[in-house]
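Enquirer: Sharing a structure with you now.
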Amino acid sequence: MKLTTCLFLCCILEMSRWTSSQKTGKSENECIATNGRHAKLVSIMNCPELLNIARKPTITTVEERHLKAHTLGNHVCCEAPMISTTARSTSAGRSIPEPDADYADIPLATTDIIPSNRMPASDYGELFQPSSLLPKANDCGLEPASERIIGGNATKIDQFRWTVALDYNHHRWKGVLCGGSLINTRYVLTAAHCVDFLRSEQDLTLRLGEWDIEQHEDCDGDGNCNPKVILAKVERRIIHPEYKRKDKINDIALIRMKQALSKTYYSHILPICMPFSTELMHESFNNVIVSVVGWGLNENGTGSRYKIYTNVTTVDPERYKYETGKSLKDNQISTKSSNDTLRDACEGDSGGPLQIQMNGTYYLIGIVIHGPRCDFRIPQPSVYTRVTSYKDWILENITD
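In structure tokens, the structure reads:
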């Protein structure tokens, strides 16, 4: 007998009467799997092994029994669960290398410090950036000439060089759980929910120039290797004062590194351009193709070791309300995966960039807030913080 994935996922949380897995009694989160091994009680969304089975178009009788046997109430008994956080998740099998000699020190900048919190007058005019602390057009958002986005896949080793991996050393959450975007020599822009729960700045390290989070040296199958990853310490977090975690309102934050990068960037590190020109500030970004980048979950329900991306299409507010029954706020952007690639922003992508390419240059137009519960079979709109809505706040809070 075979069951459809949709029917099984709708019913799996009601299968407690079928289960043969047992709680250990030692902890509310511990259980014993059918093979007698100790396991954890988690949501099926945090159990790649069982989730992969449940998401098959059809499942066999043996697979059905296996799923039922590992279901306990509203959870499943999972031997290899992913680490779950209120921010985002990563797979339990990830091995994040510890800082050592295999990583590069940050090259110090030699620019003068500007003591004011306000930005100097623009040197670049209305066609580009309104601040001298943001990079010029030829110093940001550029890709190697041979690179093209084709579909949801692993990036090239030197693609999207502004994407930053947020590596946590929290007492509860460890590993790469969120992303961010390098916007100049000293600041990373991310989601507030990626940093608001940290006890201190020491709980977070920024991985610049990262591609493969499981290797000390990033090399692709063609023998191309990146320079060493830079592990940057955090000086402070700047969370939007009107941020509300529950409602995902004003979900935006700046991270200031303890040391500034040299303005002569490494070949594998480059900031993304900010959309603060007059033209882009008035752009709605409705119904256009954009891309999202990060180390989030892939179609197999597991965290990606490689930086991955996908093309998505922005959704206008009317369509978003029609599909979700909710209203999209003016300071948000929504996207939906295309018909040929079901991946969209997912767990692990939080804080990462939503970017648009214009005239060969990439601009940061959104920050990942949340995805459609990572259900790759039923595309649902994702929501992003709209960067142009926070131009004044960003410029008021970045200093040299």
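Residue numbers (mature numbering (1 follows the signal peptide of the UniProt record, and there is no 0)): -21 to -1, 1 to 379.
Even glycine gets a Cβ: it sits at the ideal position worked out from N, Cα and C.
Whole-angstrom Cβ separation of Ala170 and Cys157, contact assumed at under 8 Å?
Expert: That pair is a contact at about 7 Å.
Enquirer: Do you know offhand how far Asp15's Cα is from Ile335's?
Expert: The residue you asked about is not Asp; residue 15 is Gly in the sequence shown. Taking the straight line from one Cα to the other gives about 50 Å.
Enquirer: From Gly330 to His349, what does the alpha carbon distance come to, in whole angstroms?
Expert: Using only the alpha carbons, I get a separation of about 9 Å.
Enquirer: Am I right that Cys26 and Gly120 are in contact with their C-beta atoms under 8 Å? What's the rounded C-beta distance?
Expert: In fact, because the Cβ distance is near 38 Å, the residues do not count as touching under 8 Å.
Enquirer: Between Tyr363 and Ile346, which are expected to be in contact by the criterion C-beta below 8 Å, what is the C-beta distance as a whole number of angstroms?
Expert: Rounded, the Cβ-Cβ distance is 6 Å, consistent with contact.
Enquirer: Tell me, to the nearest whole angstrom, how far the beta carbon of Leu210 is from that of Ile162; I am working on the premise that it is less than 8 Å.
Expert: Contact flag wrong, Cβ pair sits at about 19 Å.
Enquirer: Using the rule of at least 16 other Cβ atoms within 10 Å of the residue's Cβ for burial, across every protein chain shown, is Asp309 buried or exposed?
Expert: So Asp309 counts as exposed.
Enquirer: Verify the CB distance criterion: does Ala211 have a CB-CB separation below 9 Å to chain B?
Expert: The structure shown has no chain B; it contains just one protein chain.
Enquirer: Which partner residues does His349 have in the DSSP bridge list?
Expert: Its beta-bridge partners are Val362.
Enquirer: Taking all protein chains shown into account, do 16 or more other C-beta atoms lie within 10 angstroms of the C-beta of His195, making it buried, or fewer, making it exposed?
Expert: His195 should be labelled exposed.
Enquirer: At the level of alpha carbons, what is the spacing between Gln181 and Thr142?
Expert: Roughly 21 Å separates the two Cα atoms.
Enquirer: Once the 5 residues before and after Glu214 are set aside, which same chain residues still bring their CB inside 8 Å of it?
Expert: The residues are Glu180, Arg235, Met236 and Lys237.
Enquirer: So, using beta-carbon positions, are Pro360 and Thr314 closer together than 9 Å?
Expert: Yes, Cβ-Cβ distance for Pro360 and Thr314 is below 9 Å.
Enquirer: When the Cα atoms are used, what is the spatial distance from Gly200 to His54?
Expert: Using only the alpha carbons, I get a separation of about 39 Å.
Enquirer: How would you write the range of the beta strand (DSSP E) that Tyr301 sits in, first residue to last?
Expert: No beta strand (DSSP E) contains Tyr301, which is instead part of the alpha helix (DSSP H) from Pro296 to Thr303.
Enquirer: Compute the Euclidean distance between the alpha carbons of Thr50 and Ala12, then round it to the nearest angstrom.
Expert: Those two C-alpha atoms are separated by around 10 Å.
Enquirer: Per DSSP, what kind of secondary structure is Leu112 in: helix, strand or coil?
Expert: Reduced to three states, the DSSP call for Leu112 is coil.
Enquirer: Could you tell me which residues DSSP puts in a beta bridge with Cys198?
Expert: Looking at the DSSP assignment, Cys198 forms a beta bridge with Cys204.
Enquirer: What residue range does the alpha helix (DSSP H) around Leu374 cover?
Expert: Counting along the chain, the alpha helix (DSSP H) containing Leu374 begins and ends at Lys370 to Asn376.
Enquirer: Buried or exposed: which applies to Pro206, given that a residue is buried once 16 or more other Cβ atoms fall within 10 Å of its Cβ?
Expert: Under this definition Pro206 is an exposed residue.
Enquirer: Give me the Cα-Cα distance between Ala59 and Ile23, rounded to the nearest whole angstrom.
Expert: Distance between the alpha carbons of Ala59 and Ile23 is about 11 Å.
Enquirer: Starting from Arg235, trace the beta strand (DSSP E) in both directions and tell me its first and last residue.
Expert: Looking at the DSSP string, the run of the beta strand (DSSP E) that includes Arg235 is Ala232 to Met236.
Enquirer: Run through DSSP, which three-state label would Cys173 get?
Expert: Here Cys173 sits in helix by DSSP.
Enquirer: Rounded to the nearest angstrom, what separates Arg186 and Thr289 at their Cα positions?
Expert: Between Arg186 and Thr289, the C-alpha separation is close to 21 Å.
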